[in-house]
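Residue numbers (this note's numbering), protein chains in the order written: chain A, 36 to 185; chain B, 2 to 463.
Quick reminder that beta carbons are idealized off the backbone N, C-alpha and C, glycines included.
What follows is a set of notes on a single structure, which appears directly below.
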């Protein structure tokens with residue numbers, strides 16, 4: 036490997052290797068710093084793990100084959116609404132989460148609602164024929180469909 | 002068990018790789034690193050594909066997971082026992098041009114690798130759920146696959162926003178780990194992500210080391226680790242890193258096959274790895290087609306071995322697409338009619354390419370400087386491995402142009418990952434060209450006086 040030293044560009048090659056090695060190490064340290072800062076700033080930006088821990092106490096009550104209804108005052112067309120829906124889907128899996136505007140939602144016995152602020156949680160449920168079961172905290176409300184004849 | 006399950010898949014794949022890859026002329030530690038990284042990628046893909054096929058056939062997740070491991074391990078051991086005396090010898094690689102201060106490159110590569118894995122570990126620990134696509138698509142579908150009798154939920158048209166039409170290999174790999182461990186814990190996708198990144202990096206470096214020596218491999222590893230999207234995607238638990246590893250492993254196996262006069266077993270291994278890429282993401286299917294073209298052109302009739310290797314998982318992938326996956330509109334004529342979308346796609350991919358590195362650390366600048374100073378010998382060979390990643394990038398641009406989805410959102414969320422899939426293959430080609438030794442005729446001649454001094458005695462007499 037020392038044969039290259041006699042090459043006319045040998046000096047340039049040495050300089051290039053020194054420069055590239057230095058830049059690579061500098062970049063690796065910068066990237067590590069960015070990773071470290073990112074992890075301390077945005078550990079769970081979409082509240083996926085928080086959703087999982089809040090929903091876990093009620094999961095045993097819902098059979099895995101059930102469809103779970105979902106509604107929210109945050110529009111699902113936006114990324115915030117979509118993130119809330121998908122985080123809930125992740126927490127409820129293997130149960131499929133269905134939006135209230137799809138036909139399968141009519142059969143859903145259990146419902147999850149995600150609100151953006153503190154409010155009266157009973158009325159939105161009553162309007163949909165649901166009974167509020169449990170406030171899971173962080174504006175997450177668990178409902179059950181009102182049984183026929185009651 | 003969440004970690005051991007991935008290593009078990011690698012062990013199952015090891016026999017297959019030992020049996021099918023040609024013996025290369027390289028130091029033992031380089032050969033073993035190459036074999037171990039390909040084994041991890043192949044084993045993960047093979048066990049996950051078989052796991053999903055068994056689920057589809059009606060097995061429970063636990064039975065499917067253990068059976069797939071046992072079958073891949075037993076069949077691999079049988080093939081290895083049959084072939085170990087007849088393994089193809091690969092011709093020694095051409096001598097590579099020397100790298101001055103190679104030890105410095107090795108130190109840089111070691112520091113970069115340590116920093117990279119420390120960064121991956123820090124993010125994995127702080128954000129166990131991973132990036133958006135990990136928890137919203139791949140891992141959520143893995144949860145369906147891991148529950149007995151509910152795997153079809155992973156392909157249910159009712160599954161909103163989680164792309165039930167996407168291929169399932171990576172979700173199946175995670176679900177297999179969960180089924181073997183008996184519990185759904187975030188450690189499984191975390192370990193899978195970490196090991197896939199490790200396999201990608203080791204495969205990339207060892208493939209270059211086999212053909213050009215560790216000196217070039219160290220520089221190449223430093224260049225790959227300048228790709229910032231690798232730093233973001235690896236701890237994000239995205240399917241793009243294992244996909245990039247499968248595509249690179251397929252190209253490397255084909256290169257080693259070519260070196261061994263188109264060894265049929267290595268070609269079959271390359272085909273199998275390409276078909277696993279096709280069952281991991283839609284880009285993988287495009288890659289399979291784009292690799293089949295140069296293989297069929299350069300290997301001619303031997304390419305049939307490549308297709309034979311690709312057959313089993315490709316059939317599973319096509320059966321999934323046509324029999325299970327719900328319909329999804331990937332491109333629309335309306336989008337193609339808007340030429341402004343093509344311009345936006347080109348501009349977006351250009352921007353994402355620029356953002357692949359943080360100035361002055363950019364893989365392109367790294368390569369450009371090396372090309373300027375080392376002046377690789379023309380013709381650049383091998384040329385065919387650059388075709389699949391190049392065509393893949395063209396296909397990505399066409400997809401971004403024709404997709405009915407919001408183009409800005411697509412570019413923002415996927416642009417850097419599309420580059421990440423192609424970068425290891427592109428860098429591999431660039432470093433193989435760079436390392437090509439200069440032909441004797443172009444080497445520097447000593448000055449005339451020196452030439453006279455060193456004249457052979459017979460010439461001096463005349």
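Beta-carbon spacing of residue i, residue j below 9 Å
i              : j              : result
residue 134(B) : residue 240(B) : yes
residue 281(B) : residue 429(B) : no
residue 243(B) : residue 120(B) : no
residue 146(B) : residue 137(B) : no
residue 352(B) : residue 438(B) : no
residue 115(B) : residue 52(A)  : no
residue 386(B) : residue 422(B) : no
residue 190(B) : residue 152(B) : no
residue 181(B) : residue 66(B)  : yes
residue 52(B)  : residue 173(B) : yes
residue 265(B) : residue 200(B) : no
residue 222(B) : residue 202(B) : yes
residue 150(A) : residue 108(A) : yes
residue 283(B) : residue 157(B) : no
For residue i, three-class secondary structure by DSSP
i              : result
residue 187(B) : coil
residue 146(A) : strand
residue 106(B) : helix
residue 168(A) : strand
residue 179(A) : strand
residue 155(A) : coil
residue 456(B) : Only weak support exists for where residue 456(B) lies, its pLDDT of 43 falling under 50; the value from the coordinates is given anyway. Three-state DSSP puts residue 456(B) in coil, outside helix and strand.
residue 230(B) : helix
residue 169(B) : coil
residue 403(B) : helix
residue 240(B) : coil
residue 58(A)  : helix
residue 109(A) : coil
residue 359(B) : strand
residue 339(B) : coil
residue 330(B) : coil
residue 4(B)   : coil
residue 151(B) : coil
residue 24(B)  : strand
residue 90(A)  : helix
residue 103(A) : strand
residue 98(B)  : coil
residue 132(A) : strand
residue 259(B) : helix
residue 162(A) : helix
residue 408(B) : helix
residue 19(B)  : helix
Cβ distance (whole Å) where residue i is taken to contact residue j below 8 Å
i              : j              : result
residue 27(B)  : residue 211(B) : 5 Å
residue 426(B) : residue 252(B) : 5 Å
residue 89(A)  : residue 171(A) : 5 Å
residue 130(A) : residue 103(A) : 5 Å
residue 49(B)  : residue 177(B) : 6 Å
residue 214(B) : residue 97(B)  : 5 Å
residue 420(B) : residue 357(B) : 6 Å
residue 42(B)  : residue 268(B) : Not a contact, Cβ separation roughly 17 Å.
residue 61(B)  : residue 149(B) : 5 Å
residue 166(A) : residue 178(A) : 6 Å
residue 1(B)   : residue 179(B) : Here chain B has residues from 2 to 463 only, and residue 1(B) is not among them.
residue 112(B) : residue 71(A)  : The pair is not a contact, with the Cβ atoms about 16 Å apart (cut-off 8 Å).
Point to revise | At least 3 beta-carbon pairs within less than 8 Å: the segment 340 to 358 of chain B vs the segment 301 to 311 of chain B | key: These segments do not touch.
Review point. Quick check: the segment 367 to 385 of chain B against the segment 413 to 424 of chain B, are there 3 or more CB pairs under 8 Å?
Key: No: fewer than three Cβ pairs fall under 8 Å.
Review point. In chain order, what residues of the segment 141 to 166 of chain B put their CB closer than 7 Å to some CB of chain A?
Key: Per Cβ criterion, the list reads 141, 144, 145, 148, 151, 154, 157, 159, 160, 161, 162 and 163.
Review point. Of the residues that make up the segment 151 to 182 of chain A, which ones have a beta carbon closer than 9 Å to any beta carbon in chain B?
Key: Sequence-ordered contacts of the segment 151 to 182 of chain A with chain B are nonexistent [C-beta pairs closer than 9 Å].
Check your understanding: Are three or more beta carbon pairs between the segment 223 to 233 of chain B and the segment 265 to 284 of chain B nearer than 8 Å?
Key -> The segment 223 to 233 of chain B vs the segment 265 to 284 of chain B: no contact.
Check your understanding: Which of the residues in the segment 351 to 367 of chain B, read from start to end, lie with their CB under 8 Å from any CB of chain A?
Key -> Listed in sequence order: 358, 359, 361, 362 and 367.
Review point. When you check each C-beta in the segment 109 to 124 of chain B against every C-beta of chain A, which residues fall closer than 7 Å?
Key: With the criterion set as a beta carbon lying under 7 Å from some beta carbon of chain A, the members of the segment 109 to 124 of chain B are 109, 112, 113, 116, 117, 119, 120, 123 and 124, in sequence order.
Point to revise | Near-chain B residues of the segment 48 to 70 of chain A - C-beta to any C-beta below 9 Å | key: For the segment 48 to 70 of chain A, the residues whose beta carbon sits under 9 Å from a beta carbon of chain B are, in order, 48, 49, 50, 51, 52, 53, 54, 55, 56, 57, 58, 59, 60, 61, 62, 63, 64, 65, 66, 67, 68, 69 and 70.
**Study point:** At least three beta-carbon pairs within less than 8 Å, the segment 91 to 98 of chain A to the segment 105 to 118 of chain B
**Key:** By the Cβ rule, the segment 91 to 98 of chain A does not count as touching the segment 105 to 118 of chain B, because fewer than three pairs are nearer than 8 Å.
Review point. Touch check for the segment 119 to 137 of chain A and the segment 9 to 23 of chain B: three-plus C-beta pairs under 8 Å?
Key: Contact between the segment 119 to 137 of chain A and the segment 9 to 23 of chain B is absent, because fewer than three Cβ pairs lie under 8 Å.
Exercise for review: Using a Cβ-Cβ cut-off of less than 8 Å, give me the residues of the segment 67 to 83 of chain B that come near chain A, in sequence order.
Suggested key: Of all residues in the segment 67 to 83 of chain B, none comes within less than 8 Å of chain A when Cβ atoms are compared.
Point to revise | Against chain B: residues of the segment 127 to 149 of chain A by CB proximity under 9 Å | key: Under the 9 Å Cβ criterion, the segment 127 to 149 of chain A contributes 128, 129, 130, 131, 132, 133, 134, 137 and 139.
Check your understanding: If you pair each beta-carbon of the segment 324 to 337 of chain B with each one of the segment 398 to 409 of chain B, do three or more pairs fall below 8 Å?
Key -> Short answer: they touch.
Review point. Is it true that the segment 125 to 134 of chain B meets the segment 287 to 295 of chain B, where meeting means three or more beta-carbon pairs spaced less than 8 Å apart?
Key: Counting C-beta pairs with one atom in each stretch, the segment 125 to 134 of chain B and the segment 287 to 295 of chain B have fewer than three that are closer than 8 Å, which means they do not touch.
Point to revise | Contact residues within the segment 108 to 127 of chain A, judged by C-beta distance below 9 Å to chain B | key: Flagged, chain order: 111, 114, 117, 118, 120, 121, 122, 124 and 125.
Review point. When Cβ atoms are compared, which residues of the segment 75 to 101 of chain A fall closer than 9 Å to chain B?
Key: Listed by position along the chain: 75, 77, 78, 79, 80, 81, 83, 84, 87, 99 and 100.
Exercise for review: Report the residues of the segment 218 to 238 of chain B with a CB closer than 8 Å to any CB of chain A, ordered along the chain.
Suggested key: Residues of the segment 218 to 238 of chain B with a Cβ closer than 8 Å to any Cβ of chain A, in chain order: 220, 223, 224, 226, 227, 229, 232 and 236.
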